[in-house]
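To keep things clear, I will list the structure first and then write my remarks on it.
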Amino acid sequence: MKKAILFAAAAVLAAACAPKADYSAVPEASYEQVARVEPLSWWTGMNTPLQLLVQGPEISEYDVAVEGSGLRVKAVHKADSPNYLFLDMEVRKAGEYYLVFSREGESFKYPYIVRSREKGSRGRESYTVADMIYLIMPDRFASAFTDNDEGWQGGEYDDGSARPWQVPATPDEVSRQDPVARDGGDIQGIINHLDYVADLGATAIWFTPLLLDNQPYESYHGYACADYYHIDPRFGDNALYRTMVEKAHE
-1 MKKAILFAAA AVLAAACAPK ADYSAVPEAS YEQVARVEPL SWWTGMNTPL
49 QLLVQGPEIS EYDVAVEGSG LRVKAVHKAD SPNYLFLDME VRKAGEYYLV
99 FSREGESFKY PYIVRSREKG SRGRESYTVA DMIYLIMPDR FASAFTDNDE
149 GWQGGEYDDG SARPWQVPAT PDEVSRQDPV ARDGGDIQGI INHLDYVADL
199 GATAIWFTPL LLDNQPYESY HGYACADYYH IDPRFGDNAL YRTMVEKAHE
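Under our numbering, the first residue of the sequence shown carries the number -1, and numbering increases by one thereafter.
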């Protein structure tokens, strides 16, 4: 028994004293190597364990490590497709990290952020029978900008994550003569008319989907979601959505 304890202690000590891998020279992954990692980012203190979905050509054939001591890969799960990989992660502390992918002498890394959970975030309240909920279809409500009426041409979308994503184009443009085309409403238009909603007596707002919908026609309703992490650029962006929520709470 004593020998077993000694061996175990020696193994722990050896692991603690082992030199840490140096990934500083490893290049950052291109979009062709890693298309996306979901979810965009995570927080400390969450009850739900973090599992990452990585998408990239033959990404399941790579070994994965983490650059940084506050995030660790616990388990790796391969999908039926070699282009997807699931990673069970252990979150120890907030910080900026890199997922390092290696195969047969080839290595690249992808940035990932773990943020500290905001104080009081567990104490949010839900709606009750005392609330009057106002339904808004954002495209039909109010337009503050016209430069987003021609749609999003596709490309990098700065969402506050470690690396901007490549978000697909949205070809459906504004045409107010067509009853099923887009009308041009946006998030800033909603912000500009929050007083109107409050004057109606509403205490909560229910939006039809604001997330990216890139179907070529009749996308005004938003129900053909193509990306669950990004506000449709024709409405605004993730940062403007947060601003709207903050102003609605004032």
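Note that CB positions come from ideal geometry on N, CA and C, so glycine has one too. It should be emphasised that the depicted structure is a prediction, and the values quoted were computed from it without experimental measurement.
Could you tell me the alpha carbon to alpha carbon distance between residue i and residue j, rounded to whole angstroms?
i: Asp235; j: Gln49; result: 25 Å
i: Glu88; j: Ser124; result: 30 Å
i: Ala237; j: Glu59; result: 36 Å
i: Asp225; j: Val71; result: 26 Å
i: Pro47; j: Lys91; result: 14 Å
i: Asn81; j: Thr42; result: 28 Å
i: Asp78; j: Ile134; result: 40 Å
i: Asp197; j: Arg161; result: 41 Å
i: Ala14; j: Asp20; result: With a pLDDT of 47 at Ala14, under the threshold of 50, the modelled position of this residue cannot be trusted, and the question is left open.
i: Val178; j: Ser217; result: 8 Å
i: Gly118; j: Asn45; result: 15 Å
i: Thr201; j: Tyr132; result: 8 Å
i: Gly158; j: Arg34; result: 14 Å
Which class does residue i belong to by DSSP, given the choice of helix, strand or coil?
i: Tyr194; result: helix
i: Met44; result: coil
i: Ser58; result: helix
i: Gly234; result: coil
i: Ser256; result: Since the displayed the chain opens at -1 and closes at 248, residue 256 lies outside it and no answer follows.
i: Gly187; result: helix
i: Lys18; result: coil
i: Val74; result: strand
i: Lys245; result: helix
i: Pro207; result: coil
i: Tyr218; result: coil
i: Tyr239; result: helix
Are the beta-carbon atoms belonging to residue i and residue j less than 8 Å from one another?
i: Leu97; j: Tyr227; result: no
i: Val32; j: Ile57; result: yes
i: Gly182; j: Gln164; result: no
i: Leu51; j: Glu36; result: yes
i: Gly220; j: Pro207; result: yes
Could you tell me if residue i is buried or exposed, where buried requires 16 or more neighbouring beta carbons within 10 angstroms of its beta carbon?
i: Met130; result: exposed
i: Pro214; result: exposed
i: Gly199; result: exposed
i: Leu11; result: At Leu11, the pLDDT of 48 sits below 50, so the modelled position is not reliable; the number obtained from the coordinates is stated separately. Under this definition Leu11 is an exposed residue.
i: Val172; result: buried
i: Tyr95; result: buried
i: Ala27; result: buried
i: Gly54; result: buried
i: Ala8; result: Confidence at Ala8 is low in this model, with a pLDDT of 49, below 50, so its placement is unreliable and no value can be given for it.
i: Asp170; result: buried
Check whether chain C comes within 8 Å of residue i, counting only Cβ atoms and requiring the distance to be less than that.
i: Asp225; result: Checking the listed chains, one finds no chain C in this structure; it contains a single protein chain.
With a threshold of 7 Å (Cβ to nearest heavy atom), would residue i be considered close to the ligand SAM?
i: Gln175; result: Ligands in the displayed structure: none, and consequently the ligand SAM is not present.
Is there contact here, the stretch 59 to 77 with the stretch 131 to 148, by at least three beta-carbon pairs under 8 Å?
no
Taking contact to mean at least 3 C-beta pairs separated by less than 8 Å, is the stretch 109 to 119 in contact with the stretch 180 to 193?
no
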